[in-house]
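Chemist:
Chains as they are written, first to last, in this note's numbering: chain G, 3 to 386; chain U, 2 to 342.
As C-alpha cells, then:
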C-alpha cells in the first residue's frame, strides 16, 4: 500500500570544491497516514537536508540528484514551483528549529498567520482573521486578539514556536515535518511543546515526521524510527524493537552513550570512539567501519546494503546476529536485576550463564575481528 | 565519598548579582535584573557539585562570579577559608590559579590565531610555572592527559572537531594545576556520542587528580552522570540542593519534580508514565514574582507562597544534607509517599 509520503532512493548533492558532494545517499522511507516517524542522527548526518528536499527548500547549491518523493500519490520533485506552492504550507507543512529566523521580523503575528490562510483557503480577510485567532488559542496563546498585533521579537522562544505551529496548522495539513522543534527550548518548555504537538496530531489525524537527535524524544513520540549516519539510513524499525533489540552497531552505541536520570553515575557511558569520517562519500565499504566496535576486516570494502529482518531493516550484514546479541544482553541485564532484587544465588548463576552465552555469541561474531575496540574501555581520544 | 573526611574547599556566602537595565535616548537606569539572589553553597574537596536550571536561572552567572569574570553586587566567597578577591580579579595573585573555567563555546573561548601549544603554555608562562625549555614537555603531558596526540601542539584550534576543542579547553584549565574547575555547559554544544567521551574524561580526570568541579548544565541526565551533589536554580536562587541520587528519587521542591518529569526518558515502555508538565514560562527577572518565585507556575501554590519567600532549609523527613526552599515541601513529600503506596 502506498503511504502518505513515499521517499525512494533520494540523493542530494551540494556543490563543493571541484564538483558535487553527495550528502544524502539513497534514502528511502514511507510515512503512513496518522503515524509518527522519527528521523534520528547526529549533526551532519543528512536528516535536515532530507526534510528540506522533501519540501523543495534546498536552496542555492543543493540539488536532488536521484530519487522520488511522492506525497498523496503526487510526485513532488518534478512539480513546477507554482503547483508545489499549492501543496506546501497547505497539506504538507514544516516547522523549524529556529523559530526566530523562520518568522518575518517586520510583520505582525497576525499578518503572517492570515497570509498563510488566505494563500490556500478561499476566505475573506475577516474570516481569515477569525480562523487565525482560533488557531492561536488552540496552540495555547491566550489573549489571541492582542497576540495578532505583536511582532515576533517581543515573544519568548516557546511562544514563537507556538506561533510557528499555528501557521503550520493554518490549513488542513496531512503531514507535519518538525525539524528539531524543541532543541532551542528549555526542558519544561520542550515538554509543553511536545505535548501540544502530539495532542494536535491526534486531534487532526495528521502524520508527523519528527527530526531530532534526542533518543529520549524518540522513545516518547515515535511509532517508527529511521536512524541516519553519514548520509545514509542505517536502521529502520518500530520504536519498541529499536530500543529493545537495535540491530546496527551505531544504533546500539548511540543508545548506550546517552546518560539517563534513572541510571545516574553507576554505569559508565559507552562512547563511540573517533568521529564521522570527513569524506565519507568516497568510502566504498561501511561508513561506520572506522568507529564500529564489531567491525571485521571485510566491512572495510564490502558495500553494505539494507538487510531486512522482520519489520526492521539495517545496513549491516551482521545485523541479525547483532540484534540477537543485544536482545540477549538486555534480557541478561533484566535477569541480573531481578536476581539482585531476590538475592537468590540460583538466579544469579543462571544470569551469569546467560551473560557468558551472550559474550561467546558476541565473540563469535568478531572471530577474525581486526580492529575491535574494547567496548567497556574505549580509547579516550579521537586522534585528529 | 566519606563524610568524615569532607573539607570545605569553597564557600559562597550570600552571592548577589544585579545588572542595571538602562533605557532612553539619554540612557538612565530604570531597574535591575537580579541575575543571582542570595546564593549560598559549599563545595567539598574532591566532589562535583552540579548546578542545573533553565536559561535565565543565573547558573552561568554564579560560575562567572566565582572565577572573577563578573564582580558580585554583594556576597563573599571563601577559598580554603581565605576570602577571594572578587572585585578585582587581577588582585587575586596566585589565588587565581586555583580556580579555572571550561566554557561551552569552544569557538570563542580558544584564540583562533594561536597554536594549541601557545594556548596551553600561556597561562603557565604568565604565572612562571614553567621555563621556555620545560613548557613544551608540560604541554605535551597535558595533551596526553586529555587524549590528544602531541602533534596537536603545532596546530590551530580550527583544525579540530568540537569534541577535540573541548579537550583542549580542559587541558588549558588543567595547565595551572587548579583545585577547582568550573565547567560551564561543557557538553551542551556537542553531539551525543562525543558528549559521552567528554563526560567520561571529566570523571576520569577527577579520579586521577582529585579535582573538585562545579558542573553547570541544563541537561539533567548529563549533570547527574558526573555530579555527587546537585543544586537546582530558578530565577537566580537555589531552590533545592541534595545528593544527586536523592534529588532524582525524592525531589522535595515542585520545580525539581517538574524538571525531572520534563526530561524525556529513552525507554518507550515508560511513555505513558504520569508526569507534571508545567504551565507558563520563566517570569522576567526584572520584576520577579513576590514571595516564592516559582508560585505562578507551581501546581501546589497557596496564598502563603505569594507573600513569603521560603528559605533553603533541611526537611524533617529527609537527611540533613537535602535542603529545599518550599513552604510545603514536607506536606508534598508525605503526599508523594502516599501516592507511591
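For glycine and all other residues, C-beta sits at the position ideal for the given N, C-alpha and C.
In whole angstroms, what separates the C-alpha of residue 135/U from that of residue 126/U?
Modeler: Going from the Cα of residue 135/U to the Cα of residue 126/U covers about 10 angstroms.
Chemist: Does the distance from the C-beta atom of residue 51/G to that of residue 33/G stay below 7 angstroms?
Modeler: Contact flag unset, no.
Chemist: Taking residue 213/U and residue 180/U to be in contact with their CB atoms under 8 angstroms, please state how far apart those CB atoms are, rounded to whole angstroms.
Modeler: So it is a contact: roughly 6 angstroms between Cβ atoms.
Chemist: Can at least three beta-carbon pairs, one atom from the region 283 to 297 of chain U and one from the region 242 to 257 of chain G, be found at a separation below 8 angstroms?
Modeler: No, because fewer than three Cβ pairs between the region 283 to 297 of chain U and the region 242 to 257 of chain G fall closer than 8 angstroms, the two stretches do not touch.
Chemist: Taking all protein chains shown into account, do 16 or more other C-beta atoms lie within 10 angstroms of the C-beta of residue 71/U, making it buried, or fewer, making it exposed?
Modeler: Buried is the call here.
Chemist: So, for residue 308/G: in the same chain, excluding its five sequence neighbours on each side, which residues have a beta-carbon less than 6 angstroms away from its beta-carbon?
Modeler: These residues qualify, in order along the chain: 315, 317.
Chemist: I'd like to know whether the C-beta of residue 393/G is nearer than 7 angstroms to at least one C-beta of chain U.
Modeler: Since the displayed chain G opens at 3 and closes at 386, residue 393/G lies outside it and no answer follows.
Chemist: According to DSSP, is residue 79/U helix, strand or coil?
Modeler: If DSSP states are grouped into helix, strand and coil, residue 79/U belongs with the strands.
Chemist: Please check if any C-beta of chain G sits within less than 7 angstroms of the C-beta of residue 249/U.
Modeler: It does; some Cβ of chain G falls within 7 angstroms.
Chemist: What residues of chain G sit near residue 193/U, judged by a beta carbon separation below 7 angstroms?
Modeler: Chain G residues near residue 193/U: 44, 215, 256, 259, 260.
Chemist: Show which residues of chain G have a CB atom less than 9 angstroms away from the CB atom of residue 266/U.
Modeler: Ordered by position in chain G, the residues that pass the 9 angstroms Cβ test against residue 266/U are 218, 221, 222, 262, 263, 264.
Chemist: Does the separation of the CB atoms of residue 229/G and residue 29/G fall below 7 angstroms?
Modeler: No, the Cβ-Cβ distance between residue 229/G and residue 29/G is not below 7 angstroms.
Chemist: For residue 341/G and residue 330/G, I'd like the C-alpha separation in whole angstroms.
Modeler: At residue 341/G, the pLDDT of 49 sits below 50, so the modelled position is not reliable; the number obtained from the coordinates is stated separately. Rounded to whole angstroms, residue 341/G to residue 330/G spans 16 angstroms at the Cα level.
Chemist: Under the rule that 16 or more other beta-carbon atoms within 10 Å means buried, what is residue 174/G, buried or exposed?
Modeler: That one is exposed.
Chemist: What residues of chain U sit near residue 290/G, judged by a beta carbon separation below 8 angstroms?
Modeler: Those within 8 angstroms of residue 290/G in chain U number zero; the least Cβ separation is about 11 angstroms.
Chemist: Taking the alpha carbon of residue 9/U as the point to measure from, which residue in 50/U, 15/U, 207/U has its own alpha carbon closest?
Modeler: Nearest C-alpha to residue 9/U: 50/U.
Chemist: Specify the secondary structure class of residue 289/G as computed by DSSP and reduced to three states.
Modeler: Coil.
Chemist: In chain U, which residues lie with their C-beta within 9 angstroms of the C-beta of residue 99/G?
Modeler: Chain U residues near residue 99/G: none, gap ~14 angstroms exceeds 9 angstroms.
Chemist: For residue 185/G, which residues of its own chain have a beta-carbon under 7 angstroms away from its beta-carbon, when the five flanking residues on both sides are left out?
Modeler: If we look at residue 185/G and ignore the five residues flanking it on each side, its Cβ neighbours are 99.
Chemist: For the region 274 to 290 of chain U, list every residue whose C-beta sits within 7 angstroms of some C-beta in chain G, in sequence order.
Modeler: Cβ contacts with chain G: 278, 279, 282.
Chemist: Residue 53/G to residue 213/G, Cα distance in whole Å?
Modeler: Between residue 53/G and residue 213/G, the C-alpha separation is close to 8 angstroms.
Chemist: For residue 301/U, which residues from the same chain have a beta carbon less than 7 angstroms from its beta carbon, with the 5 sequence-adjacent residues on both sides left out?
Modeler: The answer, listed in chain order, is 255, 329, 333.
Chemist: Below 7 angstroms CB to CB, which residues in the same chain sit around residue 106/U once its five sequence neighbours on both sides are set aside?
Modeler: Within the same chain, residue 106/U has close Cβ partners 190.
Chemist: Do you know offhand how far residue 133/G's Cα is from residue 91/G's?
Modeler: So the two alpha carbons sit approximately 16 angstroms from each other.
Chemist: Nearest-angstrom Cα distance between residue 180/G and residue 259/U?
Modeler: So the alpha carbons of these two residues sit roughly 25 angstroms apart.
Chemist: Can you grab the Cα-Cα spacing for the pair residue 354/G / residue 254/G, in whole Å?
Modeler: Here the model assigns residue 354/G a pLDDT of 42, short of 50, so the residue's position is not dependable, and the following value carries that caveat. Looking at the two C-alpha atoms, the distance is approximately 22 angstroms.
Chemist: From which residue to which residue does the beta strand (DSSP E) around residue 211/G run?
Modeler: First-last of the beta strand (DSSP E) with residue 211/G: 209 to 214.
Chemist: Determine, using beta carbons only, whether residue 151/U comes closer than 7 angstroms to chain G.
Modeler: Not one chain G Cβ lies under 7 angstroms of residue 151/U.
Chemist: Measuring only from the beta carbon, is residue 207/G closer than 6 angstroms to any heavy atom that is part of the ligand ADP?
Modeler: For the structure depicted, the ligand ADP is absent and the ligand set is empty, with no information on it obtainable.
Chemist: Output needed in chain order: residues of the region 109 to 143 of chain G with a Cβ under 8 angstroms from some Cβ in chain U.
Modeler: Per Cβ criterion, the list is empty.
Chemist: I want to see whether chain U comes within less than 7 angstroms of residue 225/G, judged by CB atoms only; does it?
Modeler: Not closer than 7 angstroms to any Cβ of chain U, the Cβ of residue 225/G fails to qualify, so no.
Chemist: Could you tell me which of 307/U, 308/U, 324/U, 306/U sits nearest to residue 314/U, measuring between CA atoms?
Modeler: Closest by alpha carbon: 324/U.
Chemist: Is it right to say residue 44/G is buried, meaning 16 or more other beta carbons lie within 10 angstroms of its own, or is it exposed?
Modeler: Buried.
Chemist: Mind listing the chain G neighbours of residue 198/U? Cutoff is C-beta to C-beta under 7 angstroms, in chain order.
Modeler: Those within 7 angstroms of residue 198/U in chain G are 273.
Chemist: Using 7 angstroms as the limit for Cβ to Cβ distance, is residue 383/G near chain U?
Modeler: Since pLDDT at residue 383/G reaches only 41, below the 50 mark, its modelled position is unreliable, and the value read off the structure follows with that caveat. It does; some Cβ of chain U falls within 7 angstroms.
Chemist: Under 7 angstroms between the Cβ atoms of residue 17/U and residue 75/U?
Modeler: Yes; because the gap between Cβ atoms is below 7 angstroms, this pair is in contact.
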